[in-house]
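Protein chains in written order, with UniProt numbering: chain A, 1 to 174; chain B, 1 to 551.
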Amino acid sequence: MTDTQANDIYRDGRFLADGWTYLADDDPVPADGAVFLSLSRFLADLAVLRGRNAPTGVVVEAGEDVRSIADEFAHVAAVAVAFPKFTDGRGYSTARILREDLGFDGEIRAVGDVLIDQIALMRRCGIDAFAVSHAPTRAALEAGHVPRVDHYYQPAGRADEVPTGTRPWLRRPA
Amino acid sequence: MYRYDEFDQEFVDQRIAQFSDQVRRRLKGELNEDQFKPLRLMNGVYLQLHAYMLRVCVPYGTLNSRQMRKLAHIARTYDRGYGHFTTRQNIQFNWPKLSDVPAILKELAEVEMHAIQTSGNCIRNTTADHLAGAADDEIADPRPYAEIIRQWSSLHPEFTFLPRKFKFAITGAPHDRAAIQVHDIGMQIVRSEAGDLGFKVYVGGGQGRTPLVAKLVRDFLPEEDLIAYSEAILRVYNRYGRRDNKYKARIKILVHETGIDELRGDIEAEFEKIRHGVLQLPADEVRRIETYFALPPLDPAATSARFDAKSAGNPAFAAWAERNVHPHKVTGHASVTISLKPIGGVPGDASAEQMEAVADIAETFSFDELRVSHEQNLILPHVRLDDLDKVHDALVAADLAEGNAGLITDIIACPGLDYCALANARSIPIAQEISERFGNAERQRAIGDLKIKISGCINACGHHHVGHIGILGVEKKGEELYQLTLGGSADETTSIGAIIGRGFAGDRIVDAVETVVETYLKLRANDNETFLAAYRRVGDAPFKEALYGTA
């Protein structure tokens, strides 16, 4: 992954120390501590991971099918959705499928090329944490300056968006 | 036509504020061009060969005279006094300054217009039959559905960074004037045997390097599922469309490589998960939106006595009316093509003064309504037959009375090397030369229906693949070379034209077109057999023979 091992994470309006470690596929899985594994590693090591007593997360790369972990949510504390380039929009579908179709309620974080102008879109798709290395994006987030349009022409299945106006597909932030 | 409510207006205003901030950050250097590019593209700002270009959305090609006057004002104030109407029924301005774009967008917002998603890898302006709501062969007006698609697709959080751009087209009539089979999604309004409204859905058509005719993905989609099914298609495309090569990234390639049957299975599976949810369209809301597009109060008792008399007494008027006036669903009325193809002119261009003249005519004679056609003309949808001579007089005064709709000089051409950063060859000068060559009114009429379409590069913005005669400009060893394709069509019998043989130099291509036309005139079965019908009957051989001699 590119630059995503920043040691903090933007969540709930601020940067927090990130307690998660991203493991390479040949790193041993520690007994303790929150770790992210690749999707293929997670599926391969499922038998062991099911018995693990610390948080396990899964990194879903663009192009990987998040539905392949749908039966294992009991053992998934967080999902990292990868955006290899900000113009690669596959992660938006991954996030919506996770939240709306599969009902995943743990953390979904965006990792990779995470830029300020996409934060609002990512949020609407169910992403609630952001690993940010891009300096102007970090500065804008710290200043609370997130460009967004808070009139939505399509329901995105989120509890914090409420119907508005006469058209049944319109939404506003709650 | 659709009118903004408070929500729509606030949406556009917020979007302008957002983009103005992005422009500010770009001008300050906080955003580099790579980071700014997708943002400006989402707002219709291109960096062209010589300058920025701003493309303004005309949703499904419908606008009123106030909006047209605003476009004229923008052309005069921020550009060089003209605009260019496009094959997506939009208008583009070729010379705005980037620092002026926020001000232009504010001016547009005053008349309920915007430039959102007129470029970028997102869902573009949905195009529709330019005779929508007026044509006598229509099952239902496609524009309410196009408007619903416009709304649903506006800043869609999931579908803003697709593999490539994505285009919907929709027609309400069995005779396809919207080229739906060369779109990413093409919809045709149909009625089920039970009498319910719905859509035939085509997917994966397109032009560009790999021209493909769309496949029928669903025979009948109920009206209430319009958005859910669209979302299902877009989700499958967003996840599985190729991103390794921009020339293989359109959904047509996914359809072609996956196969329509397997892809249909994926789409239907996604659709089943969401079809009964919040995306289901309530019928009463669709009916409410339809009221925005209600037919104006036309007089069903309108007569044509004056029209008949004027036609008999004025051959120039009669000749214009024969080509540019189209049947209307209400007796005594017609739709009118205002040709933006003057002989020797630039296809699709209109000056600020012409836009204002057209706005005046629409206000007086067409219930304040105008259309942009994908063939780069303007349309007055609802005119009384007995007003047509006055309309014609006004068009003559504005230099807009060319009676060539559907004829050989009614050419679609991309901007080509005169403007475009991608082009390999000039398109506009070729169009102008063809127009001059065949400009004689009697000659054009003798030739009859013939669509020439010209692209200045393989991206095919000039739709050459579906021209009855298509011309593609390529670059070969530093020279502009033009390939001819024959037999393309974009109607309900859509076909991709076939390359007839080796290309022609810029100073020979118009002669080659003339050879093709003369060959057709000699071999047609009778005066009513069109070029396309004749070509389909006889095939390539006589044209090859005429162009290249026996091998």
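For each residue, glycine too, the CB sits at the ideal point set by N, CA and C.
Residue i - partner residues in DSSP beta bridges
i, result
"residue 554 of chain B", "Because chain B is modelled from 1 through 551, residue 554 of chain B falls outside the range shown and cannot be assessed."
"B/S495", "B/S489"
"B/K476", "B/E479"
"B/H114", "B/C57"
"B/T127", "B/A169"
"B/V383", "B/A334"
"B/Y520", "Paired residues: none, contrary to the question."
"B/N64", "B/E369"
"A/R11", "A/R14 and A/A129"
"B/M355", "Bridge partners of B/M355: none, in fact."
"B/K215", "B/V203"
"A/R171", "A/Y152 and A/P163"
"B/M187", "B/I170 and B/V201"
"B/H84", "B/Q92 and B/D349"
Closer than 8 Å to chain B by CB, residue i
i, result
"A/Y173", "Before going further, note that residue 173 of chain A is Pro rather than Tyr in the sequence given. So, not an interface residue."
"A/A129", "no"
"A/T56", "no"
"A/R138", "no"
"A/T4", "With a pLDDT of only 42 at A/T4, under 50, the local geometry of the prediction cannot be trusted, and no value is derived from it."
"A/D71", "no"
"A/I9", "no"
"A/T87", "yes"
"A/P147", "yes"
"A/L170", "yes"
"A/L121", "yes"
"A/S93", "yes"
is_contact[residue i, chain A] using C-beta, thresh 8 Å
i, result
"B/L254", "no"
"B/R144", "Note that residue 144 of chain B corresponds to Pro in the displayed sequence, not to Arg. Cβ-Cβ to chain A under 8 Å: no for B/P144."
"B/E285", "yes"
"B/P327", "no"
"B/R242", "no"
"B/P59", "no"
"B/E475", "no"
"B/V391", "no"
"B/D266", "no"
"B/T279", "Thr is not the amino acid found at residue 279 of chain B; the sequence shown has Leu there. With 8 Å as the cut-off, B/L279 counts as an interface residue toward chain A."
"B/K544", "no"
Check whether residue i and residue j have beta carbons under 8 Å apart
i, j, result
"B/E107", "B/K70", "yes"
"B/Q100", "B/Y82", "First, the amino acid is wrong: residue 100 of chain B is Asp here, not Gln. No, Cβ-Cβ distance for B/D100 and B/Y82 is not below 8 Å."
"A/F86", "A/V58", "no"
"B/Q444", "B/L407", "yes"
"B/P300", "B/V325", "no"
"B/L521", "B/I447", "yes"
"B/K200", "B/F220", "yes"
"B/G470", "B/T494", "no"
"B/G204", "B/I251", "yes"
"B/H468", "B/F531", "yes"
"B/P297", "B/S335", "no"
"B/H175", "B/D136", "no"
"B/Q18", "A/P147", "yes"
"A/S60", "A/V79", "Residue 60 of chain A is actually Val in this sequence, not Ser. A contact, by the Cβ cut-off of 8 Å."
"A/G165", "B/D5", "yes"
"B/A425", "B/G488", "no"
"A/P136", "B/E112", "no"
"A/D18", "A/N7", "yes"
"B/F36", "B/R24", "no"
"B/Y548", "B/G501", "yes"
"B/R124", "B/R76", "no"
Under 8 Å from the C-beta of residue i: neighbouring residues of chain E
i, result
"A/R99", "Among the protein chains of the structure shown, namely A and B, there is no chain E."
*Taking Cβ-Cβ distances below 9 Å as the criterion, which residues of the stretch 148 to 160 of chain B are in contact with chain A?*
I148, R150, Q151, W152, S153, S154, L155, H156, P157, E158, F159 and T160
*the stretch 25 to 44 of chain B: positions lying closer than 7 Å to chain A by Cβ*: E30, Q35, P38 and L39
*Three or more beta-carbon pairs under 8 Å between the stretch 184 to 191 of chain B and the stretch 154 to 171 of chain B, yes or no?*
yes
*the stretch 96 to 105 of chain B touching the stretch 47 to 56 of chain B, judged by at least three CB pairs closer than 8 Å*: yes
_Where the stretch 149 to 168 of chain A meets chain B: residues whose CB sits under 8 Å from a CB there_ = V149, D150, H151, Y152, Y153, Q154, P155, A156, G157, T164, G165, T166, R167 and P168
*At least three beta-carbon pairs within less than 8 Å, the stretch 281 to 288 of chain B to the stretch 229 to 239 of chain B*: no
*asked:* Does the stretch 144 to 156 of chain B come into contact with the stretch 255 to 274 of chain B, if we say contact requires no fewer than three beta-carbon pairs (one atom in each stretch) closer than 8 Å?
replied: no
*Contact between the stretch 397 to 417 of chain B and the stretch 335 to 350 of chain B (3+ Cβ pairs under 8 Å)*: yes
*If you pair each beta-carbon of the stretch 138 to 154 of chain A with each one of the stretch 6 to 18 of chain A, do three or more pairs fall below 8 Å?*
yes
*Taking one C-beta from the stretch 452 to 465 of chain B and one from the stretch 384 to 395 of chain B each time, how about it: are there three or more such pairs within less than 8 Å?*
no
*Taking only beta carbons into account, state which residues of the stretch 33 to 61 of chain A come closer than 8 Å to chain B, listed in chain order.*
none
_Any 3 or more C-beta pairs closer than 8 Å across the stretch 61 to 71 of chain A and the stretch 119 to 126 of chain A_ = no
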